[in-house]
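Visitor: For reference, the structure I am asking about is given below.
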Amino acid sequence: PLPRNLPFGYHRLRVEADAAAEARLIVAPPAMHDGPRAAGVFAPVYAVRGERDYGCGDLGSFAGLIDVVSELGGSLVATLPILSAFMDEPFDPSPYAPVSRLHWNEIYLDIDAVPEFADSEQARALAKELAPKIRGLRRKQDVDYRGVSAVKRRVLEACAASLSGKRRREMDAWLRENPVTLEYARFRAETERSGLPWQAWPGTAKLRRGGDAEKYHVYAQWLMNEQLARAGREADDKGVHLYFDLPLGVHPDGFDTWRYGEVFAFGVSGGAPPDSFFTKGQNWRFPPLHPERIRETGYSYVIESLRALLRHARILRIDHVMSLHRLFWVPDGFDATDGVYVRSNPDEWYAILALESHRAGAAIVGEDLGTVPGEVRTAMARNNLLRSYVLQEELPDSPKQVPNPIPARALAGLNTHDMPTFASFWNGKDIDDRVGLGLFTPAQAEKERTRRAKTTKRLSASLRGRKLLKGRGADAALDASLALLAGGRARMRCVSIEDLWLEERQQNVPGTTSDEQPNWRHKLRYTLEEIRGDPAVAARIRTLTRR
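First residue of the sequence shown? That's 5 in this note's numbering, and the numbers climb one at a time after it.
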């Protein structure tokens with residue numbers, strides 16, 4: 005028998021008899037860290053509009069949002085993944101298709117806060133020359149990722165060229181502690197040089213030096229780590245908890261599938277089986293993690309992915325938490341109707357999450373929306389993994405109680421980035437939008453309008469019965485719904501900041517392409533300065549955070 009007093013952590017177990025064998029032994033707390041009680045808002049970093057951004061929200065804008073939320077009594081700011089992405093070729097701005105779960109998207113750098121920008125006459129002169137283009141990018145309603153990325157890169161390359169002295173030594177020391185970043189930088193440089201996905205490279209055993217492109221990517225990653233660490237410290241000082249998101253998949257042509265290919269299953273994609281909404285199922289077009297191969301490598305890639313986010317976040321959302329138990333695989337060349345569920349090893353996943361959450365002092369939230377087997381939520385409760393309570397999902401057709409009760413071990417909200425905003429849901433605008441996009445036939449739309457009218461009527465009656473609804477229309481319904489969340493038992497509450505002014509555009513419409521819908525690009529309607537001065541927004545944040 006193993007000793008009972010082994011410290012929490014990862015141990016190497018070696019057994020020697022006629023032969024020898026080794027395994028990783030995970031000694032973990034029995035459940036996740038509790039994390040804070042918190043309430044606040046969600047906003048994608050790219051959407052936050054500052055007065056000096058380059059046409060895309062950055063970590064400076066994000067720090068401003070943290071200030072606003074803190075001033076209004078909030079203690080949580082959530083955002084979409086800000087991991088590295090292809091902003092040139094192959095262009096894919098989706099935060100859920102990152103090049104790597106270990107590296108950051110430098111488009112979010114606050115250039116004004118880069119020390120080399122202040123020191124480099126060349127960089128400042130270049131920014132002045134590009135100022136008309138930057139103002140044009142800032143005026144656009146949606147983020148122009150290609151344009152912003154190109155402009156920022158030119159300025160950052162000039163900053164990198166001026167790096168010297170103590171700052172250069174600090175970057176070199178950081179790189180020695182993070183050697184995989186050098187591989188990442190060379191991978192990005194080779195991708196740019198060849199214009200080909202790594203699968204088409206003539207040889208991938210060893211990358212060549214990447215010259216200026218390599219230097220740029222190393223420098224950009226170093227700066228992102230600096231600025232994220234600063235944002236985390238400042239948020240902690242203000243009593244605001246950063247809430248980051250771990251995406252389920254990675255880009256098939258990205259760094260992680262190249263560098264850690266042994267833990268991915270190629271020839272298949274993650275997805276979901278047919279349901280009432282996606283009648284043909286879903287193919288998410290990313291290679292899933294192979295359950296046995298990640299075990300053989302001691303879950304090293306998984307652990308490093310978690311740590312990259314938990315260095316800065318106090319709350320971490322696990323996308324599609326059911327994948328800890330099983331994930332739907334779709335073989336290449338087949339429809340999602342021909343997919344199959346592949347089991348994982350949930351006890352090992354929960355042990356790793358418990359250990360890493362305690363080490364970071366962070367809470368873990370599981371995205372458990374949609375059709376989820378009861379065993380998953382039972383395991384989540386046993387391991388202190390918070391549920392996702394979303395009001396739109398908790399309005400069954402014929403319950404005794406509307407909405408379903410808010411559980412204590414949950415993060416509660418009105419919707420998600422993949423759902424209609426509160427105003428769009430309440431007024432049925434999302435149904436009209438789906439007809440325009442070809443996602444609903446006129447007959448389906450009419451059926452949904454009838455069902456929606458019954459749903460909002462029953463929710464209104466419930467809110468009025470609780471003495472929360474004091475008027476008519478979306479405004480009154482929103483205020484009552486926020487009061488419902490605030491009065492519930494949920495450990496955490498988080499709503500989209502756009503719902504606070506009844507925005508109707510949603511950030512992402514599942515089942516659409518970037519040609520059909522400007523997914524992941526929609527900027528906030530108001531600047532930070534306007535949000536700070538809006539009494540209705542302030543009152544609604546205070547309602548949500550009053551307990």
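All C-beta atoms in this analysis are idealised placements derived from N, C-alpha and C, irrespective of residue type, glycine included. Note that this is a predicted model, so its numbers are computed, not measured.
My guess is that Tyr112 and Leu63 are in contact by the Cβ rule of under 8 Å, so how many angstroms apart are they, rounded?
Guide: About 5 Å separates the two Cβ atoms, so the contact holds.
Visitor: Just the Cα atoms here: how many angstroms apart are Gly331 and Pro251?
Guide: The sequence given here has Leu at residue 331, not Gly. Approximately 14 Å, taken between the alpha carbons.
Visitor: Based on DSSP bridge pairs, tell me the residues matched to Leu393.
Guide: Note on residue identity: the sequence assigns Tyr, not Leu, to residue 393. Its beta-bridge partners are Ala416.
Visitor: Alpha carbon to alpha carbon, what distance is there between Ala312 and Val254?
Guide: Rounded to the nearest angstrom, the two C-alpha atoms are 15 Å apart.
Visitor: For Ile86, name the three-state secondary structure that DSSP assigns.
Guide: In the structure shown, Ile86 sits in coil (DSSP, three-state: anything other than H, G, I, E or B).
Visitor: For the alpha helix (DSSP H) containing Tyr303, name the first residue and the last one.
Guide: Note, Tyr303: premise wrong, no alpha helix (DSSP H); not H, not E.
Visitor: Reducing DSSP to helix, strand and coil, say where Asn109 ends up.
Guide: Residue state, collapsed to three classes: coil.
Visitor: Starting from Asn287, follow its DSSP beta bridges and name the residues at the other end.
Guide: The partner list for Asn287 (beta bridge, DSSP) reads Gly275.
Visitor: With DSSP collapsed to three states, give me the class of Gly378.
Guide: Helix at Gly378.
Visitor: At a cut of 8 Å, does the segment 139-151 reach the segment 516-531 through at least three beta carbon pairs?
Guide: They touch, by the three-pair rule.
Visitor: By a C-beta neighbour count over all protein chains shown, 10 Å radius and 16 as the cutoff for buried, is Val499 buried or exposed?
Guide: Classification of Val499: buried, given that the 10 Å Cβ count is 16 or more.
Visitor: Roughly how many angstroms separate the alpha carbons of Glu187 and Leu211, rounded to a whole number?
Guide: Near 8 Å, if we compare the C-alpha coordinates of Leu211 and Glu187.
Visitor: Go ahead and label Gly39 buried or exposed: buried means 16 or more other beta carbons lie within 10 angstroms of its beta carbon, across all protein chains shown.
Guide: Buried.
Visitor: Leaving out five residues before and five after Pro446 in sequence, what residues of the same chain have Cβ atoms less than 7 Å from its Cβ?
Guide: Excluding residues within five positions, the ones whose Cβ falls inside 7 Å are Val439.
Visitor: For Pro377 and Arg18, what's the separation of their Cα atoms in angstroms?
Guide: So the alpha carbons of these two residues sit roughly 37 Å apart.
Visitor: Based on DSSP bridge pairs, tell me the residues matched to Gly192.
Guide: Reading off the sequence shown, one finds Arg at residue 192, where the question assumed Gly. According to DSSP, Arg192 bridges with nothing at all.
Visitor: Mind the definition here: the segment 25-41 touches the segment 530-539 only if three or more C-beta pairs lie below 8 Å; say whether that holds.
Guide: The segment 25-41, when compared against the segment 530-539, does not touch it at the 8 Å Cβ threshold.
Visitor: Under 8 Å by Cβ, that's how I've got Phe426 and Leu415 pegged, so tell me the actual separation to the nearest angstrom.
Guide: Actually they are not in contact, since the Cβ atoms of Phe426 and Leu415 sit about 17 Å apart, beyond 8 Å.
Visitor: Are there 16 or more other CB atoms within 10 angstroms of the CB of Tyr345, so buried, or fewer, so exposed?
Guide: Looking at its Cβ environment, which holds fewer than 16 other Cβ atoms inside 10 Å, Tyr345 is exposed.
Visitor: Thinking C-alpha only, which one of Leu6, Ile86, Ala51 is nearest Leu320?
Guide: For Leu320, the nearest C-alpha among the options comes from Ile86.
Visitor: Considering Cα atoms alone, identify which of Val72, Arg529, Pro11, Thr517 is closest to Glu508.
Guide: It is Arg529 whose Cα lies nearest to the Cα of Glu508.
Visitor: Where do the N-terminal and C-terminal ends of the beta strand (DSSP E) with Arg330 fall, by residue?
Guide: That run of the beta strand (DSSP E) goes 330-335.
Visitor: Straight-line CA distance for Lys156 to Gln126?
Guide: Their Cα atoms are separated by approximately 14 Å.
Visitor: In chain order, what residues of the same chain have a beta carbon less than 6 Å from the beta carbon of Ser428, not counting five sequence neighbours either side?
Guide: So the qualifying residues of the chain are Asp434, Glu508.
Visitor: Tell me the rounded alpha-carbon separation between Phe338 and Asp279.
Guide: When rounded, the distance between both Cα atoms is 17 Å.
Visitor: Run through DSSP, which three-state label would Gly432 get?
Guide: Reduced to three states, the DSSP call for Gly432 is coil.
Visitor: Using the C-alpha atoms, what's the distance from Ser309 back to Ser361?
Guide: So the alpha carbons of these two residues sit roughly 13 Å apart.
Visitor: Taking Cβ to Cβ, would you say Ser79 is nearer than 7 Å to Val334?
Guide: Contact: no.
Visitor: Just curious, the beta strand (DSSP E) that Asp249 is in, first and last residue?
Guide: Where Asp249 is concerned, the enclosing beta strand (DSSP E) stretches over 245-250.
Visitor: DSSP on His526, reduced to helix/strand/coil?
Guide: Strand.
Visitor: Should Ser402 go down as buried or exposed, given a rule of 16 or more other Cβ atoms within 10 Å for buried?
Guide: So Ser402 counts as exposed.
Visitor: Sort Glu379, Thr375, Lys451, Ala355 by Cα distance to Ile368 and report the nearest one.
Guide: Checking every option, the nearest Cα to that of Ile368 belongs to Ala355.
Visitor: Apart from the five residues just before and just after Ser464, which ones in its own chain have a Cβ nearer than 7 Å to its Cβ?
Guide: Correct list, in chain order: Leu473, Ala481.
Visitor: Helix, strand or coil, according to DSSP, for Met36 in the structure here?
Guide: Here Met36 sits in coil by DSSP.
Visitor: Between Phe248 and chain C, is any beta-carbon pair separated by less than 7 Å?
Guide: This model lacks chain C altogether; it includes just one protein chain.
Visitor: Could you tell me whether the Cβ atoms of Thr454 and Ala43 are closer together than 7 Å?
Guide: Not closer than 7 Å, so no.
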